[in-house]
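Residue numbers for the sequence shown follow our numbering, so the first one is -11 and each next one is one higher.
Using N, Cα and C, we set each Cβ at its ideal position, and we do this for glycine too.
If you're wondering where the values come from, they're calculated on a predicted model, not measured in any experiment.
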Amino acid sequence: MNNYRDIIKEPIVTEKTADLAQNHNTIVFSVDPKANKTQIKQAVEKVFSVKVESVNTVNATTKKKRVGRYAGRTNKRKKAIVKLAEGSSIELN
């Protein structure tokens, strides 16, 4: 990965992730499937200027889809659940 912004694609904002952010100081990001936990931690710390306590990752499986006679699969996805250190926060608007 050349750039930290290539690793972090976008934050995932749902009711569940908003609850995690508010109550547990945890943010969920969609990240590059090839990135490992160390790269994700470094990227979040550099881009948002915060201290990261831990990173958990989830590889979402692809799903079969079809449109008419054409069959295929959805794209690979990887989610990173990033727990921030006490006193650190990220504002996602």
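Where Gln10 falls, given that 16 or more other Cβ within 10 Å makes a residue buried:
Residue mapping note: residue 10 aligns to position 22 of the sequence shown, counting from 1. Exposed, by the Cβ-count rule.
Could you check how far apart the C-beta atoms of Val38 and Leu72 are, in whole angstroms? I think they sit under 8 Å.
By one-based count along the sequence shown, residue 38 stands at place 50. By one-based count along the sequence shown, residue 72 stands at place 84. Indeed they touch by this definition, with Cβ atoms about 6 Å apart.
Report yes if the C-beta distance between Thr45 and Ala68 is below 7 Å; otherwise report no.
Sequence index remark: in the sequence shown, residue 45 carries index 57 (1-based). Sequence index remark: in the sequence shown, residue 68 carries index 80 (1-based). Yes, the pair counts as a contact, with Cβ atoms nearer than the cut-off.
Are Pro(-1) and Leu80 closer than 7 Å when you measure CB to CB?
Taking the sequence shown and counting its residues from 1, one reaches residue -1 at position 11. Taking the sequence shown and counting its residues from 1, one reaches residue 80 at position 92. Contact annotation: Pro(-1) and Leu80 have beta-carbon atoms nearer than 7 Å.
For Val1, count the other beta carbons within 10 Å of its own beta carbon; 16 or more makes it buried, fewer makes it exposed. Which is it?
On the sequence shown, residue 1 is found 13 positions in, with the first residue counted as 1. It is exposed - the Cβ of Val1 has fewer than 16 other Cβ atoms within 10 Å.
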